[in-house]
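Take 1342 as the starting number for the sequence shown in this note's numbering and just add one per residue.
Report on the structure given below.
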Amino acid sequence: MKYAEAMRTQIGPRPYVNGPAGPFNFIRKMACNFGWDWGPALPTSGIWRGIRLEGWSHARIKSVRASVDLIAGTNAVIRLMVDREYSHASNQKADDTGFTIFGPDRSVILCGFVEGETTIPLDCVQFWWPVGHGAQPLYEISVYVGTEQEEWDSWSGRIGLRTVELDASPDDIGRKFVVKVNGKPIFCKGFNWIPDDCFLDRACEPSRVRQRIQQAIDAGGNMLRVWGGGIFETDDFYNICDELGVLVWQDFLFACAMYAEEEPFWSEVKEEAKYNVARLAHHPSLAVWNGCNENIWAYRDWGWKDHPDVIGRTWGKGFYFDLLPSICKELTPGIPYWAGSPWSGDYDVDNGVPPNAATHGNKHVWEAWFKEDYAVYRKFAPRFCSEFGFQGPANFATIAGVVPVTREEAPRSSAPPLNGETGASIVSGGAQLRGFDFSNIPPRDFGSPEMRHRQKSGNTVQDDGDRRNLRHLVRHFNLVGAEDLLSALDSPDPKAKPPECGAEPVHPAKRPSRANFDDLHYLLQLNQCRALTLGVEWFRSRQPTCMGTLYWQLNDCWPGVTSWSCIDGDGRFKPLWYATRKFFAAKLLTIQPEEDGTLWLHLNNDSDEVATEVVQITRRSFDGKVLAEQAATLSASARSSAKIALDPSVATAGDRARELILVEGSTKAFWFFDFDRNLRYPPPEFDASIERSGDEHRLTIRAKTLLRDLILNADRVDPAAVVSEQLITLLPSESFTFVVQSKQDLTVEQLTRQPVLQCANRFGAGG
1342 MKYAEAMRTQ
1352 IGPRPYVNGP
1362 AGPFNFIRKM
1372 ACNFGWDWGP
1382 ALPTSGIWRG
1392 IRLEGWSHAR
1402 IKSVRASVDL
1412 IAGTNAVIRL
1422 MVDREYSHAS
1432 NQKADDTGFT
1442 IFGPDRSVIL
1452 CGFVEGETTI
1462 PLDCVQFWWP
1472 VGHGAQPLYE
1482 ISVYVGTEQE
1492 EWDSWSGRIG
1502 LRTVELDASP
1512 DDIGRKFVVK
1522 VNGKPIFCKG
1532 FNWIPDDCFL
1542 DRACEPSRVR
1552 QRIQQAIDAG
1562 GNMLRVWGGG
1572 IFETDDFYNI
1582 CDELGVLVWQ
1592 DFLFACAMYA
1602 EEEPFWSEVK
1612 EEAKYNVARL
1622 AHHPSLAVWN
1632 GCNENIWAYR
1642 DWGWKDHPDV
1652 IGRTWGKGFY
1662 FDLLPSICKE
1672 LTPGIPYWAG
1682 SPWSGDYDVD
1692 NGVPPNAATH
1702 GNKHVWEAWF
1712 KEDYAVYRKF
1722 APRFCSEFGF
1732 QGPANFATIA
1742 GVVPVTREEA
1752 PRSSAPPLNG
1762 ETGASIVSGG
1772 AQLRGFDFSN
1782 IPPRDFGSPE
1792 MRHRQKSGNT
1802 VQDDGDRRNL
1812 RHLVRHFNLV
1822 GAEDLLSALD
1832 SPDPKAKPPE
1842 CGAEPVHPAK
1852 RPSRANFDDL
1862 HYLLQLNQCR
1872 ALTLGVEWFR
1882 SRQPTCMGTL
1892 YWQLNDCWPG
1902 VTSWSCIDGD
1912 GRFKPLWYAT
1922 RKFFAAKLLT
1932 IQPEEDGTLW
1942 LHLNNDSDEV
1952 ATEVVQITRR
1962 SFDGKVLAEQ
1972 AATLSASARS
1982 SAKIALDPSV
1992 ATAGDRAREL
2002 ILVEGSTKAF
2012 WFFDFDRNLR
2022 YPPPEFDASI
2032 ERSGDEHRLT
2042 IRAKTLLRDL
2052 ILNADRVDPA
2062 AVVSEQLITL
2072 LPSESFTFVV
2082 QSKQDLTVEQ
2092 LTRQPVLQCA
2102 NRFGAGG
């Protein structure tokens, strides 16, 4: 802290956002350590990785870089460069540098010597592909330096035989943004990645990293963007991505600030970049180098270029447009570099195409969170959306493990009961988590100091994420007490001085909440799913204009936080993770409106086979009666989309409050004509039964009425429980079986009472 503040004083201040603990842009350290809009301010100091002392003579290997040029058929060319250091000038050229290449089966493919940049042709190779596009065979290169009598140093690493390029060429819309692997365009589906814990020794534990990356794949992702406010991840991270086929978009470590280019920072950044670019050069997963996060955009459009602390001063432009691209071109010529996320590709940052233009390069879409309803996503057809998101709270067990009950019990739910129940209750098998007994715990309060402390989005003196969440929620759902809670969170004195510690001020609600915690918790998680589903399905329906959608964010760094993640800080899947698995599926059916008001059915096919869907499209009343129907066949070639217009008789509601559109093919798609708060849902009714085999509990729900967006919060009964699926919508007489993994003996009564089982019907306009 003292160093950063001293450097700011010495060089002159520059604007930044987030980082309440201090000027993170004046020290080469993980920016989010200083606090961010999803994590606490905990600036650490010290050595967090293993440390050793090396002694050496003659020569040692400084770095090994391998790039791959694919040629016709099954042949490839590897360009190998070994950088050496010598203990004394007289030792130079007194050594041999040799290599051995092993195939995926560990057989020796080729041996030879390295001199300068060495070109190595290989025949009959197996190419590396991103997950969902092919296999991930890995070859090993072993390099040594020494003499015939003595080996002085050695290095080994795995490579994948692939090329990667970024097609950012101009077209009749603007400028493309298409990642290609082995010449093949890849629609990138994935997430922004933050450090998985506030403390990096825990965040970088290999088994934890592997689990989180596998969870991204299991949700349908094929790319992770390592965000520039974090770190260059450990070798384990990239090795795992190589193995599993996850493309890595790697930011350089500049985020949401203006960065001074004066010494010592220019030299520090140069060495930092050279070291990490060389270290990561051989990884086949590495697909994009990105200069910064939002800094070019901030300079142009956040008023920073006219800020008195920026006018006439360096702000990072030299890093993004000169230093970093030159290092990448020298050390990794086969990996594309892009100056910023977002960036339009226009180097005239003052007067050229705006950095966050939808028509050029990559875009961030935050209007849905900060300003408008999430239907605003449909105003944009970005070429590649590399950041957008919407908040939802952590799962209940995660919150209950860290947030004590400090206020009076919140009121019981005033929404219609589930399946004829008379009121909300928390059912528990008596499980223990972090010392908390889940039996008979009264609901928490989203306005309490403990919950408010876990909301880091925005300036809490003026506005914050809880207020934004509530504004979105009351627009979409009926929940008694939600507007009162929003009122109770009114801003305090805007001139209030923040605490001396640098942390954000915490402003609890003025009075205990009148909103039932359990219902509010369900609706906030559901609203997060609705927002991201709308956004991603819209972006996918714009393919090939749009060729990527990476949402903010996969993971959290601490438990109990309300954030944009789909996996909470204790590693539990939020409902958004299950929604992601649906909207990132290889085959997606989705209904989307066009500007003229017509509805279209889109088939998005992210596979290498032709996809043909024979579908039945019906407009139905909520009681299941068919009011209009349309049969159709859609066929989408590999990695493409197809669409058809819905017949007006299907697309036009007779009663918007009591009707829906259902598409039935290999999967289903729904369309409701209004926000939930205006829909006349029937009171939810169903039958339920359960079967157990070992740790597997199969809970079958048989709908008597329409049931929209069922979520089974099994963690309220057993914190260790894992549910197979969420967000299930059933028509009358349909059934679905949830599979719950739990070592406890769970009952139908436990799993089907509020708030364990929740349903959107309860928050409409009533029958």
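Glycine included, every Cβ here is placed at the ideal spot set by N, Cα and C.
Exercise. Can you name, in chain order, every residue of its own chain whose Cβ lies under 7 Å from the Cβ of Q1556, other than the five neighbours on each side?
Worked result: I1908
For this session: Within its chain, find whatever has a CB closer than 6 Å to the CB of T1575; leave out the 5 residues flanking it on each side and keep chain order.
Result: C1545
Exercise. Starting from E1506 and walking both ways along the beta strand (DSSP E), at which residues does that stretch end?
Worked result: V1505 to D1508
Exercise. By DSSP, does T2008 sit in helix, in strand, or in coil?
Worked result: The answer is coil: DSSP assigns T2008 none of H, G, I, E or B.
Problem set entry | DSSP bridge partner residues for G1396 (one or two, in chain order) | DSSP lists no partner for G1396.
Exercise. With respect to the beta strand (DSSP E) encompassing C1452, which residues constitute its N-terminal and C-terminal limits?
Worked result: V1449 to F1454
Exercise. Does DSSP put S1982 in a helix, in a strand, or in coil?
Worked result: strand
For this session: Hey, could you find the ends of the beta strand (DSSP E) C2109 is sitting in?
Result: As shown, the chain starts at 1342 and ends at 2108. That puts residue 2109 outside it, with no answer to give.
Exercise. Sorted by chain position, which residues of the same chain lie with C-beta nearer than 7 Å to I1558's C-beta, five sequence neighbours on each side aside?
Worked result: V1472, L1585 and V1587
Problem set entry | W1918 - containing alpha helix (DSSP H), residue span | P1916 to F1924
For this session: Could you have a look at P1666 and say whether DSSP puts it in helix, strand or coil?
Result: helix
Problem set entry | DSSP-derived helix/strand/coil call for H1429 | In the structure shown, H1429 sits in coil (DSSP, three-state: anything other than H, G, I, E or B).
For this session: Could you pull the start and end residues of the alpha helix (DSSP H) that W1710 belongs to?
Result: E1708 to F1711
For this session: Run the CB neighbour count on R2103, radius 10 Å, all protein chains shown included, and call it buried at 16 or more, exposed below.
Result: buried
Problem set entry | A1922 to K1928 span [Cα, whole Å] | Reading off the sequence, residue 1922 comes out as Arg, not Ala. When rounded, the distance between both Cα atoms is 11 Å.
Exercise. If we call anything under 8 Å between Cβ atoms a contact, is E1791 one with P1734?
Worked result: Not a contact, by the Cβ cut-off of 8 Å.
For this session: Could I get the ranges of all uninterrupted beta strand (DSSP E) runs contained in the segment 1469-1546, with 3 residues as the minimum, in chain order?
Result: 1480-1487, 1492-1500, 1505-1508, 1519-1522, 1525-1527 and 1529-1534
For this session: Give the DSSP bridge partners of E1970, in chain order.
Result: Bridge partners of E1970: T1959.
Exercise. Is the beta carbon of R2043 less than 8 Å from the beta carbon of S2076?
Worked result: yes
Exercise. Short check: CB of R1420 to CB of I1402, under 8 Å?
Worked result: no
Exercise. Looking at the unbroken beta strand (DSSP E) that takes in W1630, where does it start and where does it end?
Worked result: Start and end: L1627 to N1631.
Problem set entry | Beta-carbon contacts of E2032 that lie in its chain and below 7 Å, excluding the five residues immediately before and after | R2039
Problem set entry | Local Cβ density within 10 Å of A1619, reported as buried at 16 or more and exposed below that | Its Cβ being crowded by 16 or more others within 10 Å, A1619 is buried.
Problem set entry | Check whether P1354 and D1647 have beta carbons under 8 Å apart | no
Problem set entry | Close-in-space but distant-in-sequence residues of the same chain around A1850 (CB under 6 Å, 5 per side omitted) | G1788, A1829 and L1830
For this session: Could you tell me which residues DSSP puts in a beta bridge with Y1344?
Result: For Y1344, which the question treats as bridged, DSSP gives no partner whatsoever.
For this session: Kindly give me the distance between the Cβ atoms of Q1894 and F1532, rounded to whole angstroms, as I take these residues to be in contact under 8 Å.
Result: Taking C-beta atoms under 8 Å as the contact rule, Q1894 and F1532 qualify, at a distance of about 6 Å.
For this session: Report the residue from R1816, F1440 and D1949 whose alpha carbon sits nearest the alpha carbon of T1459.
Result: F1440
Exercise. Using 8 Å as the threshold, is the segment 1714-1730 in touch with the segment 1875-1895, meaning 3 or more CB pairs across them?
Worked result: yes
Exercise. Per DSSP, D1424 is paired with what?
Worked result: According to DSSP, D1424 bridges with S1404.
Exercise. Taking buried to mean at least 16 other C-beta atoms within 10 Å of its own C-beta, is A1413 buried or exposed?
Worked result: Under this definition A1413 is an exposed residue.
Exercise. CA-CA distance, E1708 and S1495?
Worked result: 52 Å
Exercise. Leaving out five residues before and five after Y1863 in sequence, what residues of the same chain have Cβ atoms less than 8 Å from its Cβ?
Worked result: I2052, N2054, P2096 and Q2099
Exercise. Considering only C-alpha positions, which residue in the set H1705, F1518 and L1975 is nearest to V1951?
Worked result: If we check each option's Cα against that of V1951, L1975 comes out closest.
Exercise. Which residue comes first and which comes last in the beta strand (DSSP E) that contains K1928?
Worked result: K1928 to P1934
For this session: In the DSSP assignment, find the unbroken alpha helix (DSSP H) run with L1594 in it and report its ends.
Result: Unbroken run through L1594: none, as it is neither H nor E.
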